[in-house]
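Comments concern the structure below.
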Amino acid sequence: MSKKNPYKLDQVAIRMVKERPLISDEPVNSPEKVVKLVHELLKDYDREVFAVINFQTNLQPINMNIVSVGALNASMVHPREMLKSIVLSNAAAVMMVHNHPSGQVQPSAEDISVTAKMSQLMKLMEVSLLDHIILGPGEQYYSFHESDIKALNGEIPVKKDRGWER
Numbered sequence: 002m003s004k005k006n007p008y009k010l011d012q013v014a015i016r017m018v019k020e021r022p023l024i025s026d027e028p029v030n031s032p033e034k035v036v037k038l039v040h041e042l043l044k045d046y047d048r049e050v051f052a053v054i055n056f057q058t059n060l061q062p063i064n065m066n067i068v069s070v071g072a073l074n075a076s077m078v079h080p081r082e083m084l085k086s087i088v089l090s091n092a093a094a095v096m097m098v099h100n101h102p103s104g105q106v107q108p109s110a111e112d113i114s115v116t117a118k119m120s121q122l123m124k125l126m127e128v129s130l131l132d133h134i135i136l137g138p139g140e141q142y143y144s145f146h147e148s149d150i151k152a153l154n155g156e157i158p159v160k161k162d163r164g165w166e167r
């Protein structure tokens, strides 16, 4: 009788499959342009949807990947899921975007923490984190880049009595 090898290691291949284009070939160099590009895609969700947009060095979008579809007021974002499309796309820069179905565009403590952690990770990978934009109703949005929150620099703020401080 032949002995079966009890050890088995599957060989797998990871490939990026292109789907229909969702965004333009124009450079995206402002939060307003991002809002125009992705608002139509995310506006009808009744749950939080977290996406990453991958960019070339000239800020032309490569693709957008929906990383997580969550609940009414939360979306679990795991760095591993973001890294898949960033690495496979050979992105030089990324932007995080998610919606707040509640209509309130102010970032939650979790939004700030995720942004700071991803900023630290992007620095290690030598990929620029351009912004994290929270979409609300209409063309309302919150841009971490435009705000004074230091999360894009990898700093995780601590909640104090009078707001966020480092």
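Heads up: the sequence shown begins at 2 in this note's numbering, then just goes up one per residue.
C-beta atoms are modelled at their ideal positions from N, C-alpha and C, and glycine is treated no differently.
Rounded C-alpha distance that separates residue i from residue j
i, j, result
"Y46", "L122", "28 Å"
"V98", "F51", "6 Å"
"E127", "A93", "8 Å"
"S103", "P28", "30 Å"
"V53", "P7", "41 Å"
"L43", "K5", "51 Å"
"S109", "P62", "27 Å"
"E147", "E140", "16 Å"
"S144", "V39", "14 Å"
"V35", "S129", "16 Å"
"I113", "K85", "22 Å"
"R167", "E111", "Note that R167 scores 31 on pLDDT, short of 50, meaning its location in the model is unreliable; the coordinates nonetheless yield the value given after this. R167 and E111: Cα-Cα distance of roughly 16 Å."
Anticipated Cβ contact below 8 Å, residue i with residue j, distance rounded
i, j, result
"V106", "I67", "Actually they do not touch by this definition, with Cβ atoms about 19 Å apart."
"M83", "M119", "7 Å"
Test item: CB-CB of residue i and residue j under 7 Å
i, j, result
"V78", "S90", "no"
"M116", "H133", "At residue 116 the sequence reads Thr, which differs from the Met that was named. Yes, Cβ-Cβ distance for T116 and H133 is below 7 Å."
"N55", "I87", "yes"
"E49", "S31", "no"
"L131", "M96", "yes"
Where residue i sits in the DSSP three-state scheme
i, result
"V35", "helix"
"P7", "coil"
"A52", "strand"
"H40", "helix"
"S109", "coil"
"P102", "coil"
"A94", "strand"
"L60", "coil"
"S86", "helix"
"D162", "Here the model assigns D162 a pLDDT of 44, short of 50, so the residue's position is not dependable, and the following value carries that caveat. D162 falls in the coil class under three-state DSSP."
"S129", "strand"
"M65", "strand"
"V115", "helix"
"S148", "coil"
Residue i beta carbon near the ligand NAP (any heavy atom closer than 6 Å)
i, result
"I113", "This structure does not include the ligand NAP; it has no bound ligands of any sort."
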